[in-house]
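Asks: Just so you know, the protein sequences line up as chains A and B, in that order.
Just so you know, we're using my numbering here: the first sequence kicks off at 3 and counts up by one.
Just so you know, we're using my numbering here: the second sequence kicks off at 26 and counts up by one.
Every residue gets a Cβ at the ideal spot worked out from N, C-alpha and C, and that includes glycine.
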Amino acid sequence: MAPCYAMRTPPRPCYQKGVQTSSPRDSESLSKGGGKTLLDAVWDAHTVRELPNGDTQLFIGLHLVHEVTSPQAFSMLREMGLRVRCPERTFATVDHIIPTDSQRRPLSDDLAEAMMTELERNCREQGIRFFGPETGQQGIVHVIGPELGLTQPGMTIACGDSHTSTHGAFGAVAFGIGTSQVRDVLATQCLSLARPRVRRIEVGGKLAPGVYAKDVILHIIQRLGVKGGIGFAYEYAGAVIEAMSLEERMTVCNMSIEGGARCGYVNPDETTFAYLRGREFAPAGEDEKRVIEWWRSIASGPGASHADRVSLDGREIAPTVTFGIHPGQSVAVDARIPRPDEVRDDERAGLEEALAYMGLTAGAPIAGTPIDVAFIGSCTNGRLSDLREAARIARTGRVAPGVKALVVPGSQAVARAAEAEGLPEIFRSAGFEWREAGCSMCLAMNPDKLVGRQMSASSSNRNFKGRQGSPSGRTLLMSPVMVAAAALRGCVTDVREML
Amino acid sequence: MAKIERVVGRACTLRGDDIDTDRIIPARYLRAITFEGLGEHAFEDDREQAKGNHPLDDRRFTGATILVVGHNFGCGSSREHAPQALMRFGFQAFVGGSFAEIFAGNCTALGLPHLCLAPEALSALMDSIDLDPSQEVVVDVANRKVSCRAGTFDASIPEGAHRQLVGGTWNNTAVLLEAGSAIEATAARLPYLKRSEAA
Ligand code: SF4
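#1: Is the region 315-333 of chain A touching the region 441-450 of chain A in the sense that three or more CB pairs, one from each, lie closer than 8 Å?
#2: Which one of A/E249, A/V494, A/A415, A/G326 has the shortest CA to CA distance from A/S1?
#3: So for A/E30, helix, strand or coil by DSSP?
#4: Going by other Cβ atoms of all chains shown within 10 Å of its Cβ, with 16 needed for buried, is B/N273 buried or exposed?
#5: Considering A/H328, what are the terminal residues of the beta strand (DSSP E) in which it resides?
#6: Give the range of the beta strand (DSSP E) segment to which A/T58 is assigned.
#7: Let me know the secondary structure DSSP gives A/C88 once reduced to three states.
#8: Using the Cα positions of B/L147 and A/I179, report the straight-line distance between them to the nearest angstrom.
#9: In terms of residue numbering, what span does the alpha helix (DSSP H) encompassing A/L389 cover?
#10: Can you pull the chain B residues whose beta carbon is under 7 Å from the beta carbon of A/A196, in chain order?
#11: Within 8 Å of any Cβ in chain A, is that where the Cβ of B/P80 sits?
#12: For A/D57, which residues in chain B fall below 8 Å Cβ to Cβ?
#13: When you compare the CB positions of B/C141 and B/G122, do they come within less than 8 Å of one another, or not?
#14: Can you tell me whether A/C265 sits near ligand 1, meaning its C-beta is under 7 Å from at least one heavy atom of the ligand?
#15: What is the rounded straight-line gap between the Cα of B/A67 and the Cα of B/A107?
#16: A/L389: beta carbon under 7 Å from a heavy atom of ligand 1?
#17: For a test of your reading of the model: does the CB of A/V143 fall under 7 Å from any non-hydrogen atom of ligand 1? Yes or no.
#18: Tell me whether A/H328 counts as near ligand 1, meaning its Cβ is closer than 7 Å to at least one heavy atom of that ligand.
#19: Buried or exposed: B/D152, going by 16 or more other Cβ atoms within 10 Å of its Cβ?
#20: Using 8 Å as the threshold, is the C-beta distance between A/L389 and A/L362 below it?
#21: At the 8 Å Cβ level, is B/D83 part of the contact set with chain A, yes or no?
#22: Using the Cβ count rule (16 or more neighbours within 10 Å means buried), how would you classify B/L156?
#23: In chain B, which residues lie with their C-beta within 7 Å of the C-beta of A/V50?
#24: So with Cβ pairs under 8 Å, would you call A/G151 a contact of chain B?
#25: When you check each C-beta in the region 440-457 of chain A against every C-beta of chain B, which residues fall closer than 7 Å?
#26: Taking 8 Å as the threshold (C-beta atoms), are A/V242 and A/V205 in contact?
#27: Any contact of the region 189-199 of chain A with the region 290-302 of chain A, i.e. 3+ C-beta pairs under 8 Å?
#28: Just grab the DSSP bridge partners of A/K406 for me.
#29: Less than 7 Å between the CB of A/L445 and some heavy atom of ligand 1, yes or no?
#30: Considering A/T49, what are the terminal residues of the beta strand (DSSP E) in which it resides?
#31: Go ahead and label A/K208 buried or exposed: buried means 16 or more other beta carbons lie within 10 angstroms of its beta carbon, across all protein chains shown.
#32: By the 8 Å beta-carbon criterion, what residues does the region 83-103 of chain B contribute toward chain A?
#33: Is A/P270 helix, strand or coil by DSSP?
#34: Can you grab the Cα-Cα spacing for the pair A/L53 / B/A186, in whole Å?
#35: Distance, Cα to Cα, A/I219 vs A/S332?
#36: If you pair each beta-carbon of the region 228-238 of chain A with each one of the region 208-217 of chain A, do three or more pairs fall below 8 Å?
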């Protein structure tokens, strides 16, 4: 019987270079030390009890809430006659439906206004802190948790949103959950979960200029596949990851879910502690000293037992672009789109479907593919460092005629910081629109949408059919600098030519 | 809570791998504060593009209560709206090659079984249903088997989900509440929460 959640051999399509992975047997010997991984340490610390179904009842240290997946959960809670168990561990914001041209109330769209009003009501009734637009702290839930210092190492974090994996960048164990589970956390501050196995992904070496965290994670997903991570937590490590800022680590962890993993994390280190220092909800003084000691102690040690290990060479990673309809269908920007006869049998049908939908030609170079829309933003790449890097490219030219280019800061705090550096002027004078904080064109729940078959160069995380709002719209995922480059040239461009 | 031991009925086949939740229910239908009415929008864009040739619009499958799918079904966004839409469309059970984990968890929470078959069994089941969509398919959750005209196949489902469905304990809130003060006791041991007490 094929175990349905077990990992299959990591795929190795023939248009990609080899990836070294150790078989589970090798890794058992690799990990003789038998120490705990961070995942195990956090899991054990948060275990309330083992449940009759074999799952663990896990205490959730931080619950983040947004307007889309919570209203039904609050209704269920009310129907059960319950209240939020730990309102002080629960924080809410509005991101998916909020328009980015004007956040003025009432929102121009009645449905959006109704959702926001409902969230405000639920927060008020239950004593939950709500970061609405008027607080100056609103933004995409996965951007504001970290920047407020709510997200901390060693925490269990849950949010009714799959990109909750972002918070793993701090060494937290962070799960995206569905609405019934949101209800569970509201009512009990706990989740019933099965412990994932841990795959350590070591990215060694150093990234070349023009290669960013987004390229690293697109590359990882290309190598291991979109199903490769099923049943696993991804632990990202190695020289490339260690050299990354927290914002870059967030980009990597953000897309763990695109690789099929339940969550992804980076062990906390000095970079993590320095990032947190001085943030509103981060521990200070004696508390900080005490908790840092704990944070250090939970990081996976050299002898930690990982179920699997993969190593990749950062020097081999190029700026990467998706050409298909899932995030695993990508190539280096200077490579050709694969031909169906070049891929493994089980990938062929998916490739053919992708090429037909995208209107791209097998065997053709991806560079030069014309685009209609350029979107810089989202919880993957809507933070200050992303906007800064993109602005470096934007200041070298003007948006190509006919291209609609949008820059959407991930939060109001990101917007303020960008303004302080004069980034909006740079973008505006290059012909980009500068918007207010929200999810924007990452998905189709607010007025920012693709139209018809538009081709979008996007710094977001999903290129599924119809994802960006038009049922026939097309998305090419890439790093924010690559989006900026594509905006200026009007087509997919190797940003390394512009550095 | 009802014990979900078996689902018996006609089945609908939906071929293809990596079908994501954006396709199952397009994001525009998430702009609501209830799950009501989602059923009619299940797979809306795919159906529109298939111009009547989508399995969900195939008359031969009308009234099917079991949806048979490929690998990695329900990947992508965590939206519970996806299984809600399919449930409200009329499906009571899923059989497939594999399911994305969040989707599978959401299904369990709604009392919807999601059984996995080995590749050969899955294609035999799909072929048999396509050949004769009027036949009765049995999803035997309790014994982890799926049967149709072509035979009875061993199926798998994660142990936890199996116990919850068969034992009628798939509403986790009730189960989790039973821990009582052990929840607060666990919280009290967490180093990062000690601060809040001192403050
Ligand atoms: S930016 Fe996109 S992926 Fe991130 S939370 Fe918003 S909609 Fe989801």
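Replies: Per the coordinate set shown:
#1: They do not touch, by the three-pair rule.
#2: Past the boundaries of the shown model lies residue 1 of chain A; chain A is included only from 3 to 501, so the question cannot be answered.
#3: Against the first sequence, residue 30 of chain A aligns to sequence position 28. The pLDDT assigned to A/E30 is 39, lower than 50, so where the model puts this residue is not dependable, and the model offers no usable value.
#4: Nothing can be reported for residue 273 of chain B, as the shown portion of chain B is limited to 26 through 224.
#5: For this step, residue 328 of chain A is matched to residue 326 along the first sequence. Taken as a continuous stretch (DSSP letters only), A/H328 belongs to no beta strand (DSSP E), as it is neither H nor E.
#6: What you label residue 58 of chain A is simply residue 56 of the first sequence in a count that begins at 1. From DSSP, the beta strand (DSSP E) with A/T58 extends over 58-61.
#7: The residue labelled residue 88 of chain A in the question sits at position 86 within the first sequence. Three-state DSSP puts A/C88 in coil, outside helix and strand.
#8: On the second sequence, residue 147 of chain B is found 122 positions in, with the first residue counted as 1. On the first sequence, residue 179 of chain A is found 177 positions in, with the first residue counted as 1. If you draw a straight line from the Cα of B/L147 to the Cα of A/I179, it is about 28 Å long.
#9: In the first sequence, the residue the question calls residue 389 of chain A occupies position 387. Unbroken alpha helix (DSSP H) run through A/L389: 386-396.
#10: Position 194 of the first sequence holds residue 196 of chain A. Taking a Cβ-Cβ cut-off of 7 Å, the neighbours of A/A196 in chain B comprise P183, G185, given in sequence order.
#11: Working through the second sequence from its first residue, we reach residue 80 of chain B at position 55. Not a single C-beta of chain A is nearer than 8 Å to the C-beta of B/P80.
#12: Position 55 of the first sequence, counted from the first residue, corresponds to residue 57 of chain A. Residues of chain B passing the Cβ test: G185.
#13: Along the second sequence, read from residue 1 onward, the residue named residue 141 of chain B stands at position 116. Along the second sequence, read from residue 1 onward, the residue named residue 122 of chain B stands at position 97. Cβ distance < 8 Å, so B/C141 and B/G122 count as in contact.
#14: Numbered from 1 along the first sequence, position 263 holds the residue referred to as residue 265 of chain A. Outside the cutoff, so no.
#15: Numbered from its first residue, the second sequence carries residue 67 of chain B at position 42. Numbered from its first residue, the second sequence carries residue 107 of chain B at position 82. So the two alpha carbons sit approximately 8 Å from each other.
#16: Here residue 389 of chain A refers to the residue found at position 387 of the first sequence. Relative to ligand 1, A/L389 has its C-beta separated by 7 Å or more from all heavy atoms.
#17: Within the first sequence, residue 143 of chain A is the residue found at index 141, counting from 1. It does: the Cβ of A/V143 is within 7 Å (strictly closer) of some heavy atom of ligand 1.
#18: Along the first sequence, read from residue 1 onward, the residue named residue 328 of chain A stands at position 326. Not one heavy atom of ligand 1 is found less than 7 Å from the C-beta of A/H328.
#19: Along the second sequence, one-based indexing puts residue 152 of chain B at 127. B/D152 is classed as exposed because its beta carbon has fewer than 16 other beta carbons within 10 Å across all chains shown.
#20: Taking the first residue of the first sequence as position 1, residue 389 of chain A is located at position 387. Taking the first residue of the first sequence as position 1, residue 362 of chain A is located at position 360. In this structure, A/L389 keeps its C-beta atom at 8 Å or more from the C-beta atom of A/L362.
#21: In the second sequence, the residue the question calls residue 83 of chain B occupies position 58. No, no contact with chain A.
#22: Within the second sequence, residue 156 of chain B is the residue found at index 131, counting from 1. Exposed: under 16 other Cβ atoms inside 10 Å.
#23: Against the first sequence, residue 50 of chain A aligns to sequence position 48. Residues of chain B with a Cβ closer than 7 Å to the Cβ of A/V50 are, in chain order, A204, A207, I208, T211.
#24: The sequence position of residue 151 of chain A within the first sequence is 149, counting from 1. Proximity of A/G151 to chain B, defined by a Cβ-Cβ separation below 8 Å, is not satisfied.
#25: Hits within the stretch, in order: L445, A446, M447.
#26: The sequence position of residue 205 of chain A within the first sequence is 203, counting from 1. The sequence position of residue 242 of chain A within the first sequence is 240, counting from 1. Going by C-beta atoms, A/V205 is nearer than 8 Å to A/V242.
#27: Taking a cut-off of 8 Å for Cβ pairs, the region 189-199 of chain A and the region 290-302 of chain A do not touch, as fewer than three such pairs fall below it.
#28: Here the question's residue 406 of chain A lines up with position 404 in the first sequence. The bridge partners DSSP lists for A/K406 are A/V375.
#29: The residue labelled residue 445 of chain A in the question sits at position 443 within the first sequence. Yes, Cβ of A/L445 sits closer than 7 Å to a heavy atom of ligand 1.
#30: Translated into positions along the first sequence, residue 49 of chain A becomes position 47. Taken as a continuous stretch (DSSP letters only), the beta strand (DSSP E) holding A/T49 covers 49-52.
#31: Counting from one through the first sequence, the residue named residue 208 of chain A turns up at place 206. Exposed, since its Cβ has fewer than 16 Cβ neighbours within 10 Å.
#32: So the close ones are H96, N97, C100, G101, S102, S103.
#33: For the purposes of this step, residue 270 of chain A is taken as residue 268 along the first sequence, with counting starting at 1. Coil, per DSSP.
#34: Sequence index remark: in the first sequence, residue 53 of chain A carries index 51 (1-based). Sequence index remark: in the second sequence, residue 186 of chain B carries index 161 (1-based). Distance between the alpha carbons of A/L53 and B/A186: 12 Å.
#35: Reading the first sequence from its first residue, position 217 is the one you call residue 219 of chain A. Reading the first sequence from its first residue, position 330 is the one you call residue 332 of chain A. Rounded to the nearest angstrom, the two C-alpha atoms are 11 Å apart.
#36: Taking a contact to require three or more Cβ pairs closer than 8 Å, the region 228-238 of chain A and the region 208-217 of chain A do not qualify as touching.
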